[in-house]
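Each remark here refers to the structure printed beneath this line.
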Ligand code: HAM
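Numbering (our numbering), first residue to last: 173 to 578.
Here you go:
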């Protein structure tokens with residue numbers, strides 16, 4: 173039996189890596205004042221078509237249940253968050269700082285970094301329209317990426333403003349805004365000559381528009397200002413967060429339909445992988461679904477690209493290194509169990525031998541699990557009140573008195 177395309181099998185080693193991501197995501201969020209929530213994996217398909225239209229069904233795991241209801245597996249948690257706010261939002265003190273790590277399903281062509289089933293960390297601030305909510309969200313994104321030991325040299329968060337793009341569309345008299353959005357979205361992936369050719373078809377003023385794309389951030393701010401475009405919100409983000417991890421990039425527009433102004437995506441500096449995370453401000457989603465007028469900002473960060481990048485840079489930790497193994501020689505399981513429990517109380521994670529294998533086989537087993545410390549309990553040693561502690565990396569052994577603590 174083969175597993176379904178675009179899904180992954182998580183054996184214990186793979187799941188340890190996932191748990192590592194989950195714990196960094198969770199710890200950093202809580203440290204920064206965010207609270208965790210969850211939502212159902214299955215939803216009424218209308219929640220996803222409400223904003224994006226019927227076409228979105230092509231990208232959903234969508235089906236009819238036995239009661240003839242149109243349902244789907246969730247493809248993102250943002251519409252669910254909006255549904256919560258429509259139902260419970262009024263009674264909650266704002267701003268809400270919420271995070272979640274949903275398992276998501278998208279009916280898309282599986283490729284590097286894009287799967288049909290994946291986990292996606294989400295952090296959102298709801299009910300505060302000041303730019304500081306957006307800065308807080310981007311700051312969290314930076315902190316999280318850095319907590320995985322990636323540095324400002326390994327990634328960049330590219331920030332843009334949809335409002336600025338809309339002003340550009342107006343000022344440069346772009347004849348087909350949707351085509352312009354799509355062209356910007358693929359700018360990175362296509363040859364610059366192809367980009368120019370397609371741009372020429374969209375505006376007569378393509379030469380001066382093309383110049384904008386080549387400008388450095390401060391000159392670009394100045395040029396946009398000269399054209400009467402308000403850049404203050406975007407400028408504030410750079411003033412506070414600096415440019416170690418941030419870049420102003422006019423080509424970031426984001427595919428999703430609900431973003432209203434600031435949008436951002438993070439990429440590895442080598443541009444080898446797809447986006448690591450994406451998000452932005454979405455001020456109308458809650459209202460459009462029938463709720464209050466609640467400004468919101470947030471991002472989603474998938475597990476797939478992150479894992480690929482961390483394993484390429486050898487930044488995934490050795491998961492069992494700090495665990496120990498308790499080997500036994502002869503019939504001493506009862507005493508070994510006591511020693512195991514004693515060590516657990518001391519804070520050691522320990523795996524006690526339950527097999528009848530000889531000592532060297534037990535040590536090989538511990539090594540195969542990446543464990544670096546073995547405690548050896550034998551009938552002879554127990555009579556002397558001794559337990560042996562062996563460091564599997566250096567090979568050094570130490571005798572410890574079992575009645576004096578280990
Ligand atoms: P998104 O751009 O669709 O945004 O996804 C965000 C991130 O999820 C991507 O940058 C990528 O890391 C990951 N991702 C997306 N699709 C896949 C896939 N098929 N396989 C693996 N990873 C994937 C959203 O989902 C928004 N709801 C994020 C958001 C939250 N905006 C505001 N709040």
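All residues carry an ideal CB built from backbone N, CA and C; glycine is no exception.
It should be emphasised that the depicted structure is a prediction, and the values quoted were computed from it without experimental measurement.
| Query | Result |
| --- | --- |
| Three or more C-beta pairs below 8 Å linking the stretch 505–525 and the stretch 469–479 | no |
| Option nearest residue 229 by Cα separation, candidates 564, 558, 276 and 243 | 243 |
| Residues near residue 266 in its chain [Cβ-Cβ closer than 8 Å; skip 5 each side] | 298, 299, 300 and 466 |
| Backbone secondary structure at residue 508 - three-state DSSP | helix |
| The stretch 413–423 contacting the stretch 384–395, beta-carbon criterion three pairs below 8 Å | yes |
| Span of the beta strand (DSSP E) around residue 330 | 327–333 |
| Euclidean distance between Cα positions of residue 183 and residue 488 | 16 Å |
| Identity of the residue in 207, 291 and 546 nearest residue 525 by Cα | 546 |
| Stretch-stretch touch, CB-based, cutoff 8 Å, three pairs: the stretch 493–503 with the stretch 529–541 | yes |
| Between the CA atoms of residue 548 and residue 519 - distance to the nearest angstrom | 18 Å |
| Residue 448 Cβ short of 7 Å to the ligand HAM heavy atom set | yes |
| Contact between the stretch 339–352 and the stretch 441–457 (3+ Cβ pairs under 8 Å) | no |
| Cβ contact (3+ pairs, closer than 8 Å) linking the stretch 423–443 and the stretch 257–277 | no |
| Start and end residues, beta strand (DSSP E) containing residue 521 | 521–524 |
| Beta-carbon proximity list for residue 289, same chain, < 6 Å, skipping 5 on both sides | 179 and 277 |
| Cβ-based neighbour list, residue 324, same chain, cut-off 7 Å, excluding 5 preceding and 5 following | 416 and 417 |
| Closer than 7 Å: residue 268 CB and nearest the ligand HAM heavy atom | no |
| Sequence-distant residues of its chain with Cβ nearer than 7 Å to residue 401 (five each side left out) | 336 and 339 |
| For residue 470, the three-state DSSP class (helix, strand or coil) | strand |
| Residue 247 and residue 232 closer than 8 Å at C-beta | yes |
| Unbroken beta strand (DSSP E) run spanning residue 548, endpoints | 545–550 |
| Sheet register partners of residue 561 (DSSP bridge) | 547 and 570 |
| Environment of residue 239 [buried if 16+ CB atoms lie within 10 Å] | exposed |
| CB contact flag (residue 397, residue 303, <8 Å) | no |
| Check whether residue 441 and residue 284 have beta carbons under 8 Å apart | no |
| Presumed contact (8 Å Cβ cut-off) between residue 307 and residue 413, rounded CB distance | 6 Å |
| For residue 193 and residue 478, believed in contact at Cβ under 8 Å, the rounded distance | 6 Å |
| Euclidean distance between Cα positions of residue 237 and residue 219 | 16 Å |
| beta-carbon residue 563 near the ligand HAM non-hydrogen atom, thresh 7 Å | no |
| Under 8 Å between C-beta atoms of residue 571 and residue 560 | yes |
| Contact check, residue 493 vs residue 528, beta carbons under 8 Å | no |
| Inter-residue CB distance, residue 461 and residue 258 (contact presumed, cutoff 8 Å) | 5 Å |
| Spatial neighbours of residue 389 in its chain, beta-carbon cut-off 8 Å, leaving aside the 5 residues before and after | 410, 415, 419 and 420 |
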